[in-house]
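Quick notes on the structure that follows.
In our numbering, the protein residues as written are 65 to 895.
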């Protein structure tokens, strides 16, 4: 610690010397900066004044250039005079503007007429303009009245053939330029001045030419200044003017022989330099004093307490006594001692927690091992070269190879090249990025092809952990789900989603002509109502098989609705489509008529140009299909109705006899009631078809020898509604549907399915109810014998007003029953 303190003092001295040296260097740099800034300021001021003078002269020169353009094409003297007057009036800085020709003719805007002895060709402005062959400015000179310093701006004039026409010139006063220079004087030691090419001073804050015509020459002020400025160049130089030392910045005025000079006295920046030196010395002395005081205070309040603190810290020994703490002292390190004691306490707590954590770590390792054992995966450890270092599996039967066939070997020596390449790449990426790497691979095994997923993660700088899982079942499920997303589950054809995407894909020019066909299965609902949904599903599958066999492999067949199919025919015109549709119709007609009736209606439309809308094409095809359906579906429904009756009668021969008898008895009742011919025909047909809804009731219930269970009776009670749905779908029999629906209604409203009362029940339904009841009572059943006519009459009359219409019952008993009894040879005693 003492050695460290000695080093501290050495470092303090070095720092103090370094700071002093730095302050000295900063002072010299500041001194140089003042000098440079002074020169930069005087140059900047010179440039600003020179720019202003050049701008003023340029504006006057532009006036002469504009006049030259006019005079080059104008020869009329009067016009020229008017032009010069207007030009002079518009530019008041000119005292006069005039034009002189080689013939000694002068036109002056001021009206000045020279004497005969005047020869303008000898004038300085004329001679200089002709010699320079460009815009010129003459040397300044006193005007005729000797009260103003002026210059002439002149420009030669040529016509379009470049023939010399003369010189246009104008006189301007120097007053504005002189004031511009003189106004820049900020003090007696900082000013600017302007000289001409001969060294004559044109503008100077100390010289006024208002009352004299004699110009002061720069040589009278300083010979050195004359040499520097008359070189007509730009520069800066130290110089003495009027006994005053300083810096001069000079620059020629463009287009003239003039030179501008700007002067600043050296004392201006030397004073700043002396101030900087004084500040440096005061700062150095103050810094030395402060440094000395700081050293003293540091030894008293810091170095001493540090030595005491060092002694206490040396006594710390965690190995021997973890309860040791530093002594509490009232010094600057009181807070540090508390912090160290707090660290010692936390260290003691940490070691105590470490022992607890060690036990928890052992428990955690055992838990993690149990988790790994429970996983259905195989865990491998591989190095950077893909060599198998270790593995873990809860069931070694999951291994495809014996342990000795892969341990210590590289991936490429165990797996096919393609899988090995994926594995090595994943190892490299995992080690390089530290992120999870995943890939899949397939292997052919004795029980089929299996798919595996590999997840790799970096475990150390040179090792990775790879978890391998058999995902064959997941993959198969995924494939099946993808299949279902584009296929109809019932028929195996494409679904609406696939159809819509495929339609967009095919709607390009190379597939033209493109035909869309819409197919609707006729009577699907009738088939479902009559034979059940399984029969309807079978019908749809038959349609799918028929379309698959009739269409080409390039055609796209889709089921887009319950009974709607579409076929896309790429590169197929209307004639070719018609042939395919004909094959479909012929195939449908050739099916066994004794099975479920298969009938379809097809409409199609062909797109031959890209301008045609595919949506309009679909609508037209749909319209064609519906028009055909109007004709074709009714024929199919009638055919299906016949098939229903035949099937029902084949299922139960008694039902055929029952239907025939109810039809005959209903007709006889109608005739006895003097109903009209049309009503009797409806009554006869309705009686024949009144139990058509029983086609959907199982054969076991229909042929059951004993009484029906409540659930079975509920099933039977559905047949009026089913019969209604079947007949409603066939136009020829739709008028009979209401009678079939109501033939089990009762006069008291306790019937089914609607619970109609009295006259709300259709007349034909009431007649069929009586005929149906008589036929049932007069026929043998497996669970009872037929009733006698007398018993039947009693039963009918007992249930009049409640179940049966009493008027129909009496007409049946008095006018129909005798005929039926005579036909069967049975006497009726109770009429």
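Glycine included, every Cβ here is placed at the ideal spot set by N, Cα and C. Keep in mind the model is a prediction, meaning the values are calculated, not measured.
Original post:
Roughly how far, in whole angstroms, is the beta-carbon of residue 585 from the beta-carbon of residue 627, given that I think they are within contact range, below 8 Å?
Top reply: Indeed, because the Cβ distance is near 4 Å, the residues count as touching under 8 Å.
Subject >> In DSSP terms, what residue 298 is bridged to >> reply: Residue 298 pairs with nothing; no bridge assigned.
Original post:
Mind checking residue 465: buried by the 16 CB within 10 Å criterion, or exposed?
Top reply: exposed
Original post:
Secondary structure at residue 220, three-state DSSP: helix, strand or coil?
Top reply: strand
Subject >> Sub-9 Å separation of residue 567 and residue 623 beta-carbons >> reply: Against a cut-off of 9 Å, the Cβ pair of residue 623 and residue 567 comes out as no contact.
Original post:
Hey, would you say residue 786 sits closer than 9 Å to residue 593, going by beta carbons?
Top reply: yes
**OP:** Determine the direct distance from the alpha carbon of residue 103 to that of residue 275, and round the result to whole angstroms.
**Re:** Reliability of the predicted coordinates at residue 275 is poor, the pLDDT of 45 falling under 50, and the value obtained from them is presented with this limitation in mind. About 36 Å.
Subject >> Inside the stretch 480-512 only - alpha helix (DSSP H) runs reaching at least 4 residues >> reply: 481-497
Subject >> C-alpha distance - residue 379 paired with residue 345, whole-angstrom precision >> reply: Cα to Cα, residue 379 sits roughly 49 Å from residue 345.
Original post:
Is it the case that the Cβ atoms of residue 825 and residue 837 are separated by a distance below 9 Å?
Top reply: Taking 9 Å as the Cβ cut-off, residue 825 and residue 837 do not qualify as a contacting pair.
Subject >> Start and end residues, beta strand (DSSP E) containing residue 315 >> reply: 308-316
**OP:** For residue 477, I'd like the list of residues in its chain whose CB is within less than 6 Å of its CB, leaving aside the five on either flank, ordered along the chain.
**Re:** Cβ within range, chain order: n/a, list empty.
Original post:
How many Å lie between residue 315 and residue 100 at the Cα?
Top reply: 19 Å
Subject >> Of the listed residues 832, 398, 206, 719, nearest to residue 845 (C-alpha basis) >> reply: 719
Original post:
If we count the other Cβ atoms within 10 Å of its Cβ and call it buried at 16 or more, is residue 220 buried or exposed?
Top reply: buried
**OP:** Over the uninterrupted alpha helix (DSSP H) stretch that includes residue 189, give me the two end residues.
**Re:** 188-196
Original post:
Between the stretch 765-780 and the stretch 741-754, do at least 3 Cβ pairs fall closer than 8 Å?
Top reply: no
Subject >> For residue 643, the nearest candidate out of 616, 663, 630, 629 (CA to CA) >> reply: A check of alpha carbon separations from residue 643 across 616, 663, 630, 629 identifies 616 as the nearest.
Subject >> Collapsed DSSP secondary structure at residue 550 in the structure displayed >> reply: helix
Original post:
Beta-carbon separation of residue 244 and residue 117 under 9 Å?
Top reply: Taking the C-beta atoms as reference points, residue 117 is found nearer than 9 Å to residue 244.
Original post:
Are the CB atoms of residue 169 and residue 145 nearer to each other than 9 Å?
Top reply: no
**OP:** Decide yes or no for the touch test of the stretch 504-519 against the stretch 478-490: beta carbon pairs closer than 8 Å, at least 3 of them.
**Re:** yes
Subject >> Entirely enclosed alpha helix (DSSP H) segments - the stretch 561-595, minimum 4 residues >> reply: 588-595
Subject >> Residues that DSSP places opposite residue 642 in a beta bridge >> reply: None, per the DSSP bridge assignment.
Original post:
For the alpha helix (DSSP H) that contains residue 172, what are its first and last residues?
Top reply: Per DSSP, residue 172 belongs to no alpha helix (DSSP H); it is in the beta strand (DSSP E), 170-172.
Original post:
Span of the alpha helix (DSSP H) holding residue 597?
Top reply: 597-614
Original post:
Closest to residue 136 by CA distance: which of 223, 185, 196 is it?
Top reply: 223
Original post:
Which ranges does the beta strand (DSSP E) cover as unbroken runs of at least 3 residues, wholly within the stretch 756-830, from first to last along the chain?
Top reply: Listed in chain order, nothing qualifies, since the stretch 756-830 has no complete beta strand (DSSP E) run of 3 or more residues.
Subject >> Which residues DSSP lists as bridging residue 521, in chain order >> reply: 529
Original post:
At which residues does the alpha helix (DSSP H) containing residue 143 begin and terminate?
Top reply: 141-154
Subject >> Residue span of the alpha helix (DSSP H) that contains residue 636, given as start and end >> reply: Residue 636 -> no alpha helix (DSSP H), and no H or E assigned at all.
Original post:
Taking C-beta to C-beta, are residue 149 and residue 173 nearer than 9 Å?
Top reply: yes
Original post:
For the stretch 684-692 against the stretch 576-591, are there 3 or more C-beta pairs whose distance is under 8 Å?
Top reply: yes
**OP:** Could you name the residues that DSSP lists as bridge partners for residue 514?
**Re:** 507
**OP:** Taking 8 Å as the threshold, find out whether the stretch 855-872 comes into contact with the stretch 803-817 through three or more Cβ pairs.
**Re:** At 8 Å Cβ cutoff, the stretches touch.
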